[in-house]
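Asks: Below is one structure. I have some questions about it.
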């Protein structure tokens, strides 16, 4: 019975997922709002955005998720998205069995992946696909810009007011006010504070 109810729910969500234009955005807001763990104001979800684990996702106000993106908080995962957040097309927040927290005033460019788990691959006698996953968390502090094609791996904290240059892979903590780039991400320079 549970599988049948889940199938009906997926068909219901799929119907609203692909309605284009502002009408679709408004309908998704109305239909999705009660499904989330909590919301705090208007959010804009474009067509083609796949969401799993609504009940494990908190969305604050002024959030924009652009088309063909993925948000996974299923299998006991958890995602919190702060105020004034935007995520460009084809990006992914994957917290399946893990945790992703994005604080206020952050932006994610197109084609980015934030994944709070990795495959286990230590034992060469067992195919890596059968070894399971290691789960962790990703924390993105306030005022962070993650440019296009970036990857952030589990157990990584991105410090406040940092910038991840296009194409970089963050595998360890980034200090606040840092501009980083490369694979793996390395410090390019520190951001300056300007006084008027």
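Numbering (UniProt numbering), first residue to last: 1 to 196. Glycine included, every Cβ here is placed at the ideal spot set by N, Cα and C. Quick caveat: nothing in here was measured; it's all calculated off a predicted structure.
#1: Determine, using beta carbons only, whether residue 136 and residue 116 come nearer to each other than 8 Å.
#2: Starting from the Cα of residue 9, find the closest Cα among 51, 96, 89 and give me that residue.
#3: Shortest alpha-carbon distance to residue 98 belongs to which of 90, 119, 110?
#4: Could you tell me which uninterrupted alpha helix (DSSP H) segments, each at least 4 residues in length, are contained entirely in the region 13 to 97, listed from first to last along the chain?
#5: Spell out a yes or no on whether the region 84 to 92 and the region 120 to 127 are touching, meaning 3 or more CB-CB pairs, one atom from each, closer than 8 Å.
#6: Can you tell me the Cβ-Cβ gap for residue 144 and residue 160, rounded? I've got them flagged as a contact below 8 Å.
#7: Here's a check: name, in chain order, each residue in its chain whose Cβ is nearer than 6 Å to the Cβ of residue 108, leaving out the five neighbours to either side.
#8: Using beta-carbon positions only, say whether residue 141 and residue 103 come within less than 8 Å of one another.
#9: Give me, in chain order, the residues of the same chain whose beta-carbon lies closer than 6 Å to that of residue 198; leave out the 5 immediate sequence neighbours on both sides.
#10: With respect to the beta strand (DSSP E) encompassing residue 130, which residues constitute its N-terminal and C-terminal limits?
#11: Quick one: does residue 175 have its CB under 8 Å from some CB of chain C?
#12: Please list the terminal residues of the continuous beta strand (DSSP E) segment that includes residue 189.
Replies: Let's see:
#1: Yes; because the gap between Cβ atoms is below 8 Å, this pair is in contact.
#2: 51
#3: With distances taken between Cα atoms, residue 98 lies closest to 119.
#4: 21 to 32
#5: no
#6: 7 Å
#7: Within the same chain, residue 108 has close Cβ partners 87, 91, 146.
#8: yes
#9: A question about residue 198 goes unanswered here, because the residues of the chain that appear run from 1 up to 196.
#10: First-last for residue 130: undefined, no H or E at that position.
#11: Absence of chain C from the displayed structure is noted, only one protein chain being present.
#12: Looking at the DSSP string, the run of the beta strand (DSSP E) that includes residue 189 is 186 to 190.
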